[in-house]
Amino acid sequence: MIRSWILYILTVGVVFVFTILYGKQSGFLLCLLTVLLPLIYAALTIILASRMGIRLRLDGARCQKENTRCWMLEFQDGSVLIQGNRLSICYKICTAQGKICDRKKQIVFLENDKEYEMTYQTKYAGKYTICIERITIYSGFSLFYKNLVKDLSDSFFIMPKYREELVQIEPLPAQREGDGDTFIQGKEGNDPSELLGFREYRPGDKRNRIDWRATIKTGELMVPQYGFPVACDVGIFVDLEQVDDKKTERVLELVYALCIAMKEQGRNWYVTWENRKSERLERKELKWEFDIHATLYRLAGSIGEHSVKLEDLYTRRFEDACFSRVYFISDRKKQGNAEEAVEKLCAEKVVWMDV
Numbered sequence: 000m001i002r003s004w005i006l007y008i009l010t011v012g013v014v015f016v017f018t019i020l021y022g023k024q025s026g027f028l029l030c031l032l033t034v035l036l037p038l039i040y041a042a043l044t045i046i047l048a049s050r051m052g053i054r055l056r057l058d059g060a061r062c063q064k065e066n067t068r069c070w071m072l073e074f075q076d077g078s079v080l081i082q083g084n085r086l087s088i089c090y091k092i093c094t095a096q097g098k099i100c101d102r103k104k105q106i107v108f109l110e111n112d113k114e115y116e117m118t119y120q121t122k123y124a125g126k127y128t129i130c131i132e133r134i135t136i137y138s139g140f141s142l143f144y145k146n147l148v149k150d151l152s153d154s155f156f157i158m159p160k161y162r163e164e165l166v167q168i169e170p171l172p173a174q175r176e177g178d179g180d181t182f183i184q185g186k187e188g189n190d191p192s193e194l195l196g197f198r199e200y201r202p203g204d205k206r207n208r209i210d211w212r213a214t215i216k217t218g219e220l221m222v223p224q225y226g227f228p229v230a231c232d233v234g235i236f237v238d239l240e241q242v243d244d245k246k247t248e249r250v251l252e253l254v255y256a257l258c259i260a261m262k263e264q265g266r267n268w269y270v271t272w273e274n275r276k277s278e279r280l281e282r283k284e285l286k287w288e289f290d291i292h293a294t295l296y297r298l299a300g301s302i303g304e305h306s307v308k309l310e311d312l313y314t315r316r317f318e319d320a321c322f323s324r325v326y327f328i329s330d331r332k333k334q335g336n337a338e339e340a341v342e343k344l345c346a347e348k349v350v351w352m353d354v
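Start counting the sequence shown at 0; every next residue gets the next number (numbering that gives the first Met the number 0).
Structure, rendered in structure tokens:
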């Protein structure tokens, strides 16, 4: 734009010198038009451009690769007076955690009802956001400009690849759900607040949860038995101290492979993690195949660095935690942490999976 102003000033200067030297009335008119016309046209450009509609949409038909996404940017209701004006489109790609992956700038020329293609190929699986930071339209001769829009965005998700070789799980215990002998007749037992009965006190149980009436009656220390630990006693825990693009993809691949393996065994299971924004526990029960995709999407969008160890966060909410099998995906060291998770979650077995 600076170059345009230099050329404009030189042009006006030449016309002005010509007018002074020859002193003709037509020269003064020419000088006046040279000054006023670009200013009038710039004002019209700014007014008409502000009335345009801008729409961003994901074009799934043009995504030829799994990790490639294509968007179409369309300008609507643009006047013929601003057709052909130069547009500058600046946008960025960010991860769900807010890290900027790339910034791009695209120069096009405005045509009414024409769609402009923006394509981006990600390196890793995960949830991303494309954000249009600025769309700038330049007036004739590029003397003036107007920013049309800010913060026009769209989120997209890149599914992880299914890698069967990542996990080899042993046969899981049979699903205990319905009218089993540990359930109240007629209740499923998948409500965490549902009291199903009592069980013997185990190391790791909190002492303030001992039910003294049941203890006196049976002669053994007894604690309440709730629905969740019985109805679904297999869990996948995702707990990270640091998060980046590559680690997120690794976590999604592990969770995906584990979910498929558990589904093949006909088991219900839970995926548990900490929401990076709310710092609260997120837990999703999975039964069907569509649950897997929905959970991966939620996990990719909210996973982050933990504020508290996940097993501590879990036992705060579900004091009577009890698992037959836990798959613990973490970047913490296995030594010491695995034993701690076994004790706090009252798990018969914890499979520690490093990322």
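Idealized CB from N, CA, C, for every residue including glycine.
Buried or exposed: residue i, going by 16 or more other Cβ atoms within 10 Å of its Cβ?
| i | result |
| --- | --- |
| Asn84 | buried |
| Asp243 | exposed |
| Val222 | buried |
| Asp76 | exposed |
| Pro159 | buried |
| Gln224 | buried |
| Thr217 | exposed |
| Ala256 | buried |
| Arg212 | exposed |
| Gly179 | Annotation note: pLDDT 34 at Gly179 (below 50); position unreliable, no value reported. |
| Gly300 | buried |
| Glu252 | buried |
| Arg206 | exposed |
| Arg50 | exposed |
| Phe289 | exposed |
| Ile46 | exposed |
| Arg266 | buried |
| Ile157 | buried |
Beta carbon of residue i, beta carbon of residue j: below 8 Å?
| i | j | result |
| --- | --- | --- |
| Lys348 | Arg324 | yes |
| Ala48 | Ile81 | yes |
| Val354 | Val254 | no |
| Ile328 | Ile235 | yes |
| Leu142 | Pro37 | yes |
| Thr123 | Lys245 | The residue asked about is misnamed: residue 123 is Tyr in this sequence, not Thr. A contact, by the Cβ cut-off of 8 Å. |
| Phe155 | Leu57 | yes |
| Thr314 | Lys343 | yes |
| Lys113 | Cys89 | no |
| Ile53 | Val148 | yes |
For residue i, collect the residues of the same chain with a Cβ closer than 8 Å to its Cβ; drop the 5 residues on either side in sequence, then sort them by chain order.
| i | result |
| --- | --- |
| Gly303 | Gln96, Leu239, Val242, Glu273, Asn274, Arg275, Lys276 |
| Leu35 | none |
| Val248 | In the sequence as displayed, the identity of residue 248 is Glu instead of Val. Contacts found: Tyr123, Ala124, Gly125, Pro159. |
| Val237 | Val250, Val254, Val270, Thr271, Trp272, Leu298, Ile302, Leu309, Ile328, Ser329 |
| Thr294 | Val254, Cys258, Val270, Lys283, Leu285 |
| Gln334 | none |
| Arg316 | Leu280 |
CB-CB under 6 Å to residue i, same chain, minus the five flanking residues each way: which ones, in chain order?
| i | result |
| --- | --- |
| Ser192 | Since pLDDT at Ser192 reaches only 49, below the 50 mark, its modelled position is unreliable, and no value is offered. |
| Val79 | none |
| Leu151 | Leu55, Ile131 |
| Ala360 | Past the edges of the chain, shown from 0 to 354, lies residue 360, and the structure says nothing about it. |
| Val107 | Leu86, Tyr115 |
| Asp101 | Ile92 |
| Tyr144 | Thr135, Tyr137 |
| Thr400 | The chain is shown only over 0 to 354; residue 400 falls outside these bounds and no answer can be derived. |
| Asn336 | none |
| Arg198 | Gln224 |
| Gln264 | Leu171 |
Which same chain residues, not among the five before or five after residue i, have their C-beta less than 7 Å away from its C-beta?
| i | result |
| --- | --- |
| Ile99 | Lys91, Cys93 |
| Trp268 | Cys231, Val233, Gly234, Ile235, Met261, Leu285 |
| Arg201 | Cys345 |
| Thr214 | Leu220, Met221 |
| Glu318 | Lys205, Arg208 |
| His305 | Asp238, Leu239, Glu240, Glu273 |
Are the C-beta atoms of residue i and some chain C residue less than 8 Å apart?
| i | result |
| --- | --- |
| Arg212 | The chain inventory of the structure shown lacks chain C, comprising one protein chain alone. |
Any chance you could list the beta strand (DSSP E) runs of at least 3 consecutive residues sitting entirely within the stretch 242 to 324, in chain order? For the beta strand (DSSP E) assignment, the uninterrupted runs of no fewer than 3 residues enclosed by the stretch 242 to 324 are, from N- to C-terminal side, 268 to 273, 280 to 285.
Counting Cβ pairs, one atom from each stretch, are 3 or more of them under 8 Å apart for the stretch 264 to 282 and the stretch 115 to 132? With the cut-off at 8 Å, the stretch 264 to 282 and the stretch 115 to 132 do not touch.
Check whether the stretch 162 to 171 and the stretch 132 to 152 touch, using three or more Cβ-Cβ pairs below 8 Å as the test. A contact between stretches requires three or more CB pairs, one per stretch, nearer than 8 Å, and the stretch 162 to 171 fails this requirement with the stretch 132 to 152.
Using a Cβ distance threshold of 8 Å, determine whether the stretch 308 to 315 contacts the stretch 255 to 273, with at least three qualifying pairs required. At 8 Å Cβ cutoff, the stretches touch.
Inter-stretch contact (C-beta, 8 Å, three-pair minimum) for the stretch 114 to 121 and the stretch 66 to 75: Using a C-beta cut-off of 8 Å, the stretch 114 to 121 makes contact with the stretch 66 to 75, since at least three inter-stretch Cβ pairs fall below that distance.
Counting only runs that start and end within the stretch 98 to 133, where is the beta strand (DSSP E) found for 3 or more residues in a row? Whole beta strand (DSSP E) segments, 3+ residues: 99 to 108, 114 to 120.
Taking the runs of the beta strand (DSSP E) that are 3 residues or longer, which of them lie wholly in the stretch 64 to 104? The qualifying runs are 67 to 75, 85 to 94.
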